[in-house]
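Here's the structure, in structure tokens; my notes come after.
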Amino acid sequence: MALGIHQWRRFSFFDKEIVKRKDGKPLEELKHIQVIASTSTNGAGGGQLVFGCNDGSICVINRDYETNHIHKYDISLQLLAHSAGDTLIAIGMDENETKQTIKLWKTDKALVEKENVEPAKIISLLPNDHPNSKICAVAITDRHIALGCENGGIYFFASNDLIKEKRYKFLPPFYTAERPITNLAFSEGVKPHNDLILYATTESSVLSFRLIKTISTTSISTAAAVAASVSSSLTSTLRDRRPFNLTQHHQQQPAQFNIAMLETHIGCNPGCAVLAQSEFDGEQQFVIANSTGVFSYVGDDKRLGLGIEGEKLAVHWWFNYLITVTKENRKTPLVTSTTTTSATTKPQSNILSQLTANQTTTELQTLAVYDTNPQLTAYSVGIPRIQCVVNEWGYIHILTGDGELHRLIEKDLHSRLHLLFRKNCFQLALQLAKKNRTSKQGMAEIFKQFGDHLYA
1 MALGIHQWRR
11 FSFFDKEIVK
21 RKDGKPLEEL
31 KHIQVIASTS
41 TNGAGGGQLV
51 FGCNDGSICV
61 INRDYETNHI
71 HKYDISLQLL
81 AHSAGDTLIA
91 IGMDENETKQ
101 TIKLWKTDKA
111 LVEKENVEPA
121 KIISLLPNDH
131 PNSKICAVAI
141 TDRHIALGCE
151 NGGIYFFASN
161 DLIKEKRYKF
171 LPPFYTAERP
181 ITNLAFSEGV
191 KPHNDLILYA
201 TTESSVLSFR
211 LIKTISTTSI
221 STAAAVAASV
231 SSSLTSTLRD
241 RRPFNLTQHH
251 QQQPAQFNIA
261 MLETHIGCNP
271 GCAVLAQSEF
281 DGEQQFVIAN
291 STGVFSYVGD
301 DKRLGLGIEG
311 EKLAVHWWFN
321 YLITVTKENR
331 KTPLVTSTTT
341 TSATTKPQSN
351 ILSQLTANQT
361 TTELQTLAVY
371 DTNPQLTAYS
381 VGIPRIQCVV
391 NEWGYIHILT
401 GDGELHRLIE
411 KDLHSRLHLL
421 FRKNCFQLAL
431 QLAKKNRTSK
441 QGMAEIFKQF
451 GDHLYA
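This note's numbering numbers the first residue of the sequence shown as 1 and each following residue consecutively.
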């Protein structure tokens, strides 16, 4: 049962500003791009915002908010993801390829540096080999990669051999759902046995796959060392940028998982699932959002349901805040794009088209930031169209439909507590102060003000 949030108090714990360069000029280049997929490097390479554009290029923004475009897919870029370490994966279509191409970069250095502009690895998928359906979801860690396909197939790779072995054959999917995979996410170090869990969603189901450790990790099928090897052993092979096909001369054993069906009647759309990690106890939860609410899972268990209504376009997690982008019913004037689509662009498949459809709605969208402990709405704003939301450098970045880059800046703890005091929300203030490990002296002051309010 989802808990309603209509009684949650609303506050303004963030300030919103338009991002400008050091010289005070706005980022005019962003007015001419349409973002298909986005991510950040999580501090790698000094921190970078990474936008995958509809012309196949990748737009990179550094900490000084300088923009550059790097390697371009000939036809279209469809998916982007970044590990918690320093590996970026992109999936898209190139000319002279019958199937999608997987490309990987090291991001410990800035992507715009001369030796790092081109992909560290280009993986061409063979026409008659697996995956035998379009890839529409991807998840990556520094040791694993998972691919989800339109035919419901899920592929898993975990080995350090991929960079060394240039001939690799994809094994069949370890699981096939009845509907296309919409989201994938890894959870590492899950208690009590430090397990690895892969979460997956379709539009009507939620599943978890717990890796069985009886299989040696060196014998598990591998394309995600694409991530693991890229972190360490890739240093010596980084200069080898020649495309290669994944075929292999010896058979490896498939990974084995304990499978749990968490939901059989609800799921979520692409972009509406995220792995949330508590800043305080480190617990990782898999969060999904749909029109009925927001739900979270830990391992095989369902933990929390929030009755956040409205059609969800995206969900994100930043420190201990849940961020949702919701479509509203109010219409706004159509925002026209200066970007033209090449006549040679191939039609995208249904699930990938849905990924871009969420980026082109003309309806008003609401970005809301929730703190689930204490339970309050920390910020809410209506925007005609949101292309993407990306977290980096301690800010929540919002790219709007007209190409303006905004950022939300969290107010300091003193200012947030002051807002709560002004509205006599002392219980919330105590919870917030405790969560932020306020000193005994600070807690005593809050109790004093609370007492003065009660006996005034």
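All C-beta atoms in this analysis are idealised placements derived from N, C-alpha and C, irrespective of residue type, glycine included. Quick caveat, the model's predicted, so the values are computed rather than measured.
query	result
Could you check how far apart the C-beta atoms of residue 326 and residue 368 are, in whole angstroms? I think they sit under 8 Å.	7 Å
Beta strand (DSSP E) containing residue 375: first to last residue?	375-383
Exposed or buried, residue 173, counting other C-beta atoms within 10 Å across all chains shown (16 or more means buried)?	buried
Whose CA, out of 69, 190 and 22, lies closest to the CA of residue 32?	69
If I'm right that residue 410 touches residue 51 with Cβ under 8 Å, what's the distance once you round it to whole angstroms?	About 23 Å; that fails the 8 Å criterion.
Is the Cβ-Cβ distance between residue 131 and residue 155 less than 8 Å?	yes
Hey, out of 28, 386, 313 and 299, whose CA is closest to residue 193's CA?	299
Whether or not the segment 259-270 and the segment 200-210 are in contact is what I'm after, with contact meaning three or more pairs of Cβ atoms, one per stretch, closer than 8 Å; do they touch?	yes
Give me the Cα-Cα distance between residue 285 and residue 373, rounded to the nearest whole angstrom.	14 Å
Helix, strand or coil, according to DSSP, for residue 114 in the structure here?	helix
Below 6 Å CB to CB, which residues in the same chain sit around residue 196 once its five sequence neighbours on both sides are set aside?	188 and 211
Where does the unbroken beta strand (DSSP E) through residue 307 begin, and where does it stop?	301-307
On a Cα-Cα basis, can you pick out the residue from 376, 142 and 29 that is closest to residue 85?	142
Per DSSP, residue 35 is paired with what?	53
Please classify residue 146: does DSSP put it in a helix, a strand, or coil?	strand
Which of the three DSSP states, helix, strand or coil, is assigned to residue 319?	coil
For the structure I just gave you, are there three or more beta carbon pairs, one from the segment 121-141 and one from the segment 59-68, closer than 8 Å?	no
Would you say the beta carbon of residue 277 is closer than 7 Å to some non-hydrogen atom of the ligand ADP?	Ligands displayed in this structure: none; no statement on the ligand ADP is therefore possible.
Taking Cβ to Cβ, would you say residue 149 is nearer than 8 Å to residue 134?	yes
Going by beta carbon distance, what residues of the same chain come within less than 6 Å of residue 447, once the five residues before and after it are set aside?	none
State the Cα-Cα distance for the pair residue 256 and residue 49, rounded to the nearest angstrom.	35 Å
Quick one: Cα of residue 182 to Cα of residue 203, how far?	7 Å
Label residue 176 either buried or exposed according to how many other C-beta atoms from any shown protein chain fall within 10 Å of its C-beta, with 16 as the threshold for buried.	exposed
Helix, strand or coil: which one does DSSP assign to residue 345?	Caution is warranted here: a pLDDT of 47 is assigned to residue 345, below 50, making its placement in the model unreliable, and the coordinate value is therefore given only provisionally. In this structure, residue 345 counts as coil in the three-state DSSP scheme.
Relative to the C-alpha of residue 74, which residue among 417, 54, 328 and 432 is closest?	54
Which partner residues does residue 10 have in the DSSP bridge list?	377
Under a three-way DSSP split, which group does residue 21 fall into?	coil
Can you name, in chain order, every residue of its own chain whose Cβ lies under 6 Å from the Cβ of residue 37, other than the five neighbours on each side?	52, 79 and 80
Considering Cα atoms alone, identify which of 419, 76, 11 and 82 is closest to residue 106.	82
Beta-carbon within less than 6 Å of residue 116's beta-carbon, same chain only, minus the 5 sequence neighbours each way: which residues are those?	109
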